[in-house]
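180 is the number of the first residue of the sequence shown in the working numbering; add one for each residue after it. Here a beta-carbon is modelled for each residue, glycine too, at the ideal position from N, C-alpha and C. Because the structure is a prediction, the values reported are computed rather than measured. Contents: one structure, followed by commentary.
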Amino acid sequence: ESPTKEEKAELDEQFDDINVEEIEEAFAGALTRNDLVGMGIEINGPTVMNWGLKRQPELVPGANLTKILDVNEKKIAHWRSTGFDLYCKGRVAIVILSGGMDTRLVDGIPKGTLDIGLLSHKS
180 ESPTKEEKAE
190 LDEQFDDINV
200 EEIEEAFAGA
210 LTRNDLVGMG
220 IEINGPTVMN
230 WGLKRQPELV
240 PGANLTKILD
250 VNEKKIAHWR
260 STGFDLYCKG
270 RVAIVILSGG
280 MDTRLVDGIP
290 KGTLDIGLLS
300 HKS
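Next up, the structure:
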């Protein structure tokens, strides 16, 4: 069942109300509680990328966050087309991890920090 226009508008408002600083604090708290650094896992906070520049923003260690609302439609269409093309050629894979803590592969770490075998060792 698809959401109504009103439900979509409400969801958009909820996304607009997201407090990034609050999320970063919660993320830092989760790191402290789980002692990931003590386990040898290097964690860097997310960096918001500015796609409004003429040149592609520079990637930095850690998470590089893109807010889709800040990216023009032409670039989004290009990314989508390129992604599907690479997927169809078998050059990339799609991995979907549900949120939360991993309890099966590596005991008690956030799933987003799992090394899934990429050359960069980033997930």
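For residue i, count neighbouring Cβ atoms within 10 angstroms of its own Cβ and tell me buried if that reaches 16, exposed if not.
| i | result |
| --- | --- |
| P240 | exposed |
| P289 | buried |
How big is the Cα-Cα spacing for residue i and residue j?
| i | j | result |
| --- | --- | --- |
| E252 | I275 | 24 Å |
| I273 | S299 | 16 Å |
| P182 | G217 | 44 Å |
| R234 | V227 | 15 Å |
| I295 | T211 | 23 Å |
| Q193 | E203 | 18 Å |
| E180 | K187 | 13 Å |
| P236 | V199 | 20 Å |
| K184 | V271 | 34 Å |
| I255 | I197 | 22 Å |
With distances taken Cα to Cα, identify the nearest neighbour of residue i among the options.
| i | options | result |
| --- | --- | --- |
| D191 | E201, I247, T292, I288 | I247 |
| L232 | G208, D249, M218 | D249 |
| W230 | A188, L244, G296 | L244 |
| F206 | A242, S260, G219 | A242 |
Tell me whether residue i sits in a helix, a strand or coil according to DSSP, three-state version.
| i | result |
| --- | --- |
| L238 | coil |
| T261 | helix |
| I295 | coil |
| I288 | strand |
| G217 | helix |
Name the DSSP bridge partner or partners of residue i?
| i | result |
| --- | --- |
| V227 | L244 |
Taking CB distances under 8 Å as the criterion, tell me whether residue i reaches chain C.
| i | result |
| --- | --- |
| S181 | No chain C appears in this structure, which consists of one protein chain only. |
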